[in-house]
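Below: one structure, written as structure tokens.
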Ligand SMILES: Cc1cc2nc3c(=O)[nH]c(=O)nc-3n(C[C@H](O)[C@H](O)[C@H](O)COP(=O)(O)OP(=O)(O)OC[C@H]3O[C@@H](n4cnc5c(N)ncnc54)[C@H](O)[C@@H]3O)c2cc1C
Ligand SMILES: Cc1cc2nc3c(=O)[nH]c(=O)nc-3n(C[C@H](O)[C@H](O)[C@H](O)COP(=O)(O)OP(=O)(O)OC[C@H]3O[C@@H](n4cnc5c(N)ncnc54)[C@H](O)[C@@H]3O)c2cc1C
Ligand code: SF4
Ligand code: SF4
Ligand code: FES
């Protein structure tokens, strides 16, 4: 059952938007959930967070960064192309209620999954403060969309080309120290970023939620590839998460497990590049 | 003139097959099949049939084979069993149909499974015949899960004239047959062909559909007149010992899914990677452990060791699988139990620490309870560990279905006919019994199909 790509666009270098026709998933999708896709018969199953959904149009939007073979292959597809499999919505929806003020932190491609949450928290009546960060100004994602759904928006870049020169954690700390009563922080981005946010908020005891991007296969609780340690208990990120209490997550284990297939990922990417660029290996 | 011994089936030589994923058993030739079929006594009260949960008319189909009328043999089998090529390969015949065969008392029982396999393979090569479609009843049934239970229920319901749709979470149909049992025991081409047959009976198969997420059972009941749950027992258990989250430690489900469903044995032609260990340790003593060990060997391991806490007598795996594993050079460390997994400080597994066990008085299952022998702790060097100590049903459906009761083990509560505690919802297979066999799951699918038919008539 092929799924059609309706829109495909490079938003910033290496980060792409892809809108897929998937009415049955769009009907059910909630912020915080993800999909698993497989490009073709030989493809692997990779998870991507739902960055937006349109129930009327029956579409799901994902935003992905090119990091290896599958995401590179995906980036080469165009509107009108099909992918074999698109499965979801998986994982638990984000916990969204009117609690007062929430702080949303998105790093790099993590801005995409933060967006539907920001919108939902806003619609639920919260004051939404957002911080989005990137390595450099030209890699900053969805500033306009985030501004639309935030009461306050802060921008950070590692190299100072836009907004605050430094990391998202600097602003997180400033906001908490300013006495702003934040009931919840949701941080999505690279594991190092999520770990730093957890480190900053722990002493203040502010509820902090992160979305874990462990390696997955089925996404339904069947394989255990995605296991993470939370509060010293083994959890399956796909069915028990993907969101967890940041203060209880063992980030070192997460990062170690993400490195599990590094040699194979390299082989796969090289082979793919060779095939496309016509070398003779 | 009934020889005591059965026809031998050709197999790939162990020294060759341990390096490839091709099928181990090669099947009967026509001559062998006819010879074997002639051994059957055509009993008036065939004991063999009592051992077959899907009621294959064993003497009748065997008689056709003996007469060389393979087409009639196919029709006879398929009137009760939609998946004969699968059953002929993976049914534990020695404890089903063949155990009860009268010939087994003096010599070897008739090789019913091998004959069934022969007949099914004959038909696949020749082109599959589809029976005529019955008058539609206008009733709609949803089947959740496309394992042997779901496929059998769907096939039978379709043949009764109901409109059937299967919802399957994965991107391929077949359940354990496609993601668990390896290519060299059950070629995936055969599973696909039997699924195609079920589709030809009029069954629609919707893949990539996780029930409980994309739709709930309660929502299905708005659209369908009844629901059958054949969701299996796919949740892997771990040992809950230190070091189980180290890199290189797999659940058997993950290991086998990567190898079989995702074809990682063909990496990088297929994208999904698998860690190819040099010394692989598999923990467990069932079919799943044997399959994992034999896959690890074929992925290129120098040494594969099965660690099992009881003795060989107590191993739940089929005798034939244990035999095949031994022939291929798999090492068995019996009465041995892991106590922790040890890593290299960078989260990679390097050793598994075990303790010797001894058997004491039998437990409630009638097997001897193993107990650790203090002071016998020892380490085994390893770079890939596969944990194959059992599975339990996935809670996704029960958690999202109002009024569907489960036991404390997570299995769905169902009567003998498959009726659950929720009206219009039936269940069968591993989801109800816990991990069992292909044929028992098929038997449950068949029984539930009858009960659903009755229920729909009264609706
Ligand atoms: C719940 C969840 C949501 C995610 N959402 C997004 C998203 O919205 N946008 C985005 O760009 N990325 C997201 N990711 C990460 C994304 O799945 C990986 O980047 C992708 O699988 C990489 O595949 P590849 O073949 O291109 O790279 P590879 O060469 O295979 O790997 C590169 C990196 O991706 C990780 N990775 C590889 N395979 C998997 C896998 N099957 N599952 C998870 N990680 C893997 C590796 O650890 C490695 O760090 C998400 C991951 C999870 C678990
Ligand atoms: C490695 C291995 C080897 C085995 N070897 C043998 C053997 O040689 N002989 C033998 O007789 N038995 C064997 N078994 C056992 C046998 O395979 C099972 O008992 C049998 O497959 C159970 O059938 P089932 O239909 O109940 O479930 P399954 O085969 O488990 O199928 C369940 C299906 O339901 C799907 N599903 C689950 N939840 C959902 C959901 N929420 N929505 C949609 N779909 C869902 C799953 O993806 C799966 O496809 C083996 C098992 C394993 C794991
Ligand atoms: S289906 Fe299985 S149990 Fe029944 S006759 Fe065939 S091999 Fe024997
Ligand atoms: S019990 Fe054995 S000999 Fe008798 S009919 Fe069945 S297969 Fe033939
Ligand atoms: S991805 Fe398989 S259990 Fe989570």
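Residue numbers (my numbering), protein chains in the order written: chain W, 1 to 281; chain H, 1001 to 1459.
Backbone N, C-alpha and C fix where the C-beta goes; we use that ideal spot for every residue, glycine too.
Bridge-paired residues (DSSP) for residue i
i                       : result
residue 18 of chain W   : W/8, W/62
residue 1359 of chain H : H/1370
residue 1354 of chain H : H/1338, H/1378
residue 1426 of chain H : H/1228, H/1419
residue 154 of chain W  : W/131
residue 1343 of chain H : H/1349
residue 1242 of chain H : H/1340
beta-carbon residue i near ligand 5 non-hydrogen atom, thresh 8 Å
i                       : result
residue 237 of chain W  : yes
residue 1317 of chain H : no
Reduced DSSP secondary structure (H/G/I, E/B, other) of residue i
i                       : result
residue 1247 of chain H : strand
residue 265 of chain W  : helix
residue 85 of chain W   : strand
residue 1331 of chain H : strand
residue 1051 of chain H : helix
residue 1257 of chain H : helix
residue 1134 of chain H : coil
residue 1125 of chain H : helix
residue 184 of chain W  : strand
residue 1025 of chain H : strand
residue 1010 of chain H : strand
residue 1305 of chain H : strand
residue 70 of chain W   : helix
residue 250 of chain W  : coil
residue 53 of chain W   : strand
residue 1109 of chain H : coil
residue 226 of chain W  : coil
residue 1001 of chain H : Because residue 1001 of chain H carries a pLDDT of 47, less than 50, the predicted location of this residue cannot be relied on, and the following value inherits that uncertainty. In this structure, residue 1001 of chain H counts as coil in the three-state DSSP scheme.
Residue i CB to nearest heavy atom of ligand 4 below 8 Å
i                       : result
residue 983 of chain H  : Not covered by the structure: residue 983 of chain H. The range shown for chain H is 1001 to 1459.
residue 1059 of chain H : yes
residue 1112 of chain H : yes
residue 1034 of chain H : no
Cross-chain neighbours of residue i in chain H, by beta carbon under 9 Å
i                     : result
residue 28 of chain W : 1213, 1214, 1215
Contact test: residue i Cβ vs ligand 1 heavy atom, cutoff 8 Å
i                      : result
residue 265 of chain W : yes
Residue i CB to nearest heavy atom of ligand 2 below 8 Å
i                       : result
residue 1192 of chain H : no
residue 1264 of chain H : no
residue 1167 of chain H : yes
residue 1220 of chain H : no
residue 1321 of chain H : yes
Check: residue i C-beta below 8 Å from any heavy atom of ligand 3
i                       : result
residue 1007 of chain H : no
residue 1084 of chain H : yes
residue 1181 of chain H : no
residue 1046 of chain H : no
residue 1147 of chain H : no
Chain-ordered neighbours of residue i on chain W, where CB pairs are closer than 8 Å
i                       : result
residue 1271 of chain H : 42, 43, 44, 69, 70, 268
residue 1262 of chain H : 44, 45, 217
Within chain H, the residues that residue i reaches when beta carbons sit closer than 7 Å
i                      : result
residue 261 of chain W : 1273
residue 271 of chain W : 1268
residue 55 of chain W  : The contacting residues do not exist; residue 55 of chain W stays about 14 Å from chain H at best.
Under 8 Å by beta carbon: chain H residues contacting residue i
i                      : result
residue 253 of chain W : 1245, 1347
residue 256 of chain W : 1247, 1346, 1347
residue 38 of chain W  : 1171
Chain-ordered neighbours of residue i on chain W, where CB pairs are closer than 7 Å
i                       : result
residue 1267 of chain H : 264
residue 1254 of chain H : 217, 223, 224, 225
residue 1207 of chain H : 1
residue 1251 of chain H : 223, 224
Where residue i meets chain W, residues with beta-carbon distance less than 9 Å
i                       : result
residue 1257 of chain H : 217, 218, 222, 223, 225
For the stretch 1165-1178 of chain H, list every residue whose C-beta sits within 8 Å of some C-beta in chain W, in sequence order.
1169, 1170, 1171
Please list, in chain order, the residues of the stretch 114-140 of chain W that have any C-beta partner in chain H closer than 9 Å.
none
Looking at chain H, which residues of the stretch 215-233 of chain W have a Cβ within less than 9 Å of any of its Cβ atoms?
217, 218, 219, 220, 221, 222, 223, 224, 225, 227, 228, 229
With 8 Å as the limit, tell me which residues of the stretch 79-91 of chain W have their beta carbon closer than that to any beta carbon of chain H; keep them in chain order.
84, 85, 86, 87, 88, 89, 90
Using a beta-carbon distance cut-off of less than 8 Å, what residues from the stretch 153-183 of chain W approach chain H?
none
Chain W contacts made by the stretch 1215-1236 of chain H, where a contact means CB separation under 8 Å
1215, 1234, 1235, 1236
Name, going along the chain, the residues of the stretch 1088-1114 of chain H whose beta-carbon falls closer than 8 Å to a beta-carbon of chain W.
none
So if I threshold CB-CB distances at 9 Å, which residues from the stretch 1381-1403 of chain H count as touching chain W?
1387, 1391, 1394, 1395, 1396
Taking a Cβ distance cut-off of 7 Å, strictly less, list which residues of the stretch 186-199 of chain W are near chain H, in chain order.
none
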